[in-house]
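Numbering (the working numbering), first residue to last: 7 to 299. C-beta: ideal position from N, C-alpha, C; glycine also. The next block holds one structure in the form of structure tokens; read it before the comments.
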Ligand code: NAD
């Protein structure tokens with residue numbers, strides 16, 4: 007019989023991921039501190055829990071998808087938290103993007119109680135979460151991953167076993183730094199092109215067929231031209247991921263440049279009150295710097 011799965015944190019990313027786990031046939035219990043976030047999943051057949059603790063009581067595998075390290079550490083490690091409530095043999099999987107130090111604190115605490123823990127940050131955005139095409143970067147015991155694989159497979163086909171806990175969130179931070187820098191380069195080029203009088207779709211078509219293209223370019227028709235800035239992926243979360251990258255760089259004494267530049271733009275967007283909008287909204291900051299309306 008399929009193991010029962012619990013899902014805690016069903017926001018922009020967790021919601022479609024939980025939906026796909028449910029569709030695959032796993033009985034599911036969900037909890038989010040924002041009750042409205044669960045509505046579609048309850049309609050699709052998930053059971054509602056009144057607390058995270060209730061999710062643990064009803065599940066064999068529990069997945070979490072929360073904003074950042076403080077949320078994850080509080081949920082797992084505080085008295086009465088997931089680690090304390092979990093039964094020996096259970097598997098806890100955190101899908102959030104956090105500091106590598108967070109899973110490194112959780113795993114030994116879980117192990118001491120006979121509970122398995124994996125970190126499994128994901129990439130591919132909300133569209134990838136809906137389409138079940140995410141990349142999943144698993145840090146932790148590969149044997150536990152094999153037990154959890156059928157559930158993780160519901161999120162996407164590319165499941166990578168990348169090393170001990172901490173390694174998953176390290177590679178995730180590297181990916182997001184690269185994605186953010188590509189995206190900023192695209193937006194700066196785009197704003198300059200428009201100010202120079204080029205047609206926006208000409209910029210897109212030419213660069214797509216040339217050497218400057220990247221996945222970020224696809225935002226030109228989907229977000230930049232229609233000026234669709236609802237998340238998606240919030241500025242505040244991208245800022246957090248760049249902070250993670252910079253923290254790892256400082257710990258390892260790796261002098262880095264591009265992540266600092268990229269973070270300056272997220273900071274400017276935060277200062278402008280745009281933190282809850284999609285990270286594409288940084289376009290507005292670049293336009294302001296170029297004195298463009
Ligand atoms: P979000 O803010 O849309 O969702 C987070 C959800 O967690 C919210 O619904 C919130 O109510 C809930 N929550 C927070 N604390 C909780 C708690 N203690 N108990 C229960 N529910 C709680 O954020 P998101 O975009 O879904 O991102 C979640 C994580 O996934 C972040 O770490 C983010 O960096 C990562 N991520 C996001 C994307 C994306 O495109 N949005 C892509 C890859 C990775």
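Inset, instruction - Mind checking which residues open and close the alpha helix (DSSP H) that includes residue 211? - result: It spans 206 to 214 - the alpha helix (DSSP H) in which residue 211 sits, taken as one unbroken run.
Inset, instruction - Please report how far the alpha carbon of residue 100 lies from the alpha carbon of residue 72, in whole angstroms. - result: 8 Å
Inset, instruction - In the DSSP assignment, find the beta strand (DSSP E) that holds residue 252 and state where it starts and stops. - result: Not the beta strand (DSSP E): residue 252 falls in the alpha helix (DSSP H), residues 241 to 258.
Inset, instruction - Take the Cβ of residue 40 as the centre, count every other Cβ of all protein chains shown within 10 Å, and call the residue buried at 16 or more, exposed below. - result: exposed
Inset, instruction - Could you tell me if the beta carbon of residue 46 falls within a distance shorter than 6 Å of some heavy atom in the ligand NAD? - result: no
Inset, instruction - Answer with buried or exposed for residue 182, where buried requires no fewer than 16 other C-beta atoms within 10 angstroms of its C-beta. - result: buried
Legend entry - Endpoints, the beta strand (DSSP E) within which residue 34 is located: Note, residue 34: beta strand (DSSP E), 34 to 37.
Legend entry - Start and end residues, alpha helix (DSSP H) containing residue 176: Segment 173 to 201, the alpha helix (DSSP H) holding residue 176.
Inset, instruction - Would you give the residue range spanned by the beta strand (DSSP E) that residue 69 belongs to? - result: 67 to 70
Legend entry - Candidates 59, 60 and 32: closest to residue 47 by CA position: 32
Inset, instruction - Can you grab the Cα-Cα spacing for the pair residue 331 / residue 67, in whole Å? - result: Residue 331 cannot be examined here, being either before or after the span of the chain that is shown, 7 to 299.
Inset, instruction - Could you say which of 114, 65, 110 and 277 lies nearest to residue 92 if we only look at CA atoms? - result: 65
Legend entry - Status (buried if at least 16 other CB within 10 Å, exposed otherwise) for residue 240: buried
Legend entry - Classification of residue 256 by the beta-carbon crowding that lies within 10 angstroms, buried from 16 upward: exposed
Inset, instruction - Label residue 124 either buried or exposed according to how many other C-beta atoms from any shown protein chain fall within 10 Å of its C-beta, with 16 as the threshold for buried. - result: Burial of residue 124 is indicated by the presence of at least 16 other C-beta atoms within 10 angstroms of its C-beta.
Legend entry - Span separating the alpha-carbon of residue 111 from that of residue 142: 21 Å
Inset, instruction - Would you mind sorting residue 38 into buried or exposed? The rule is 16 or more other CB atoms within 10 Å of its CB. - result: buried
Inset, instruction - Determine the closest residue to residue 247 out of 179, 289, 135 and 231, with distance taken between C-alpha atoms. - result: For residue 247, the nearest C-alpha among the options comes from 179.
Inset, instruction - Kindly indicate the opening and closing residues of the beta strand (DSSP E) around residue 169. - result: 164 to 169
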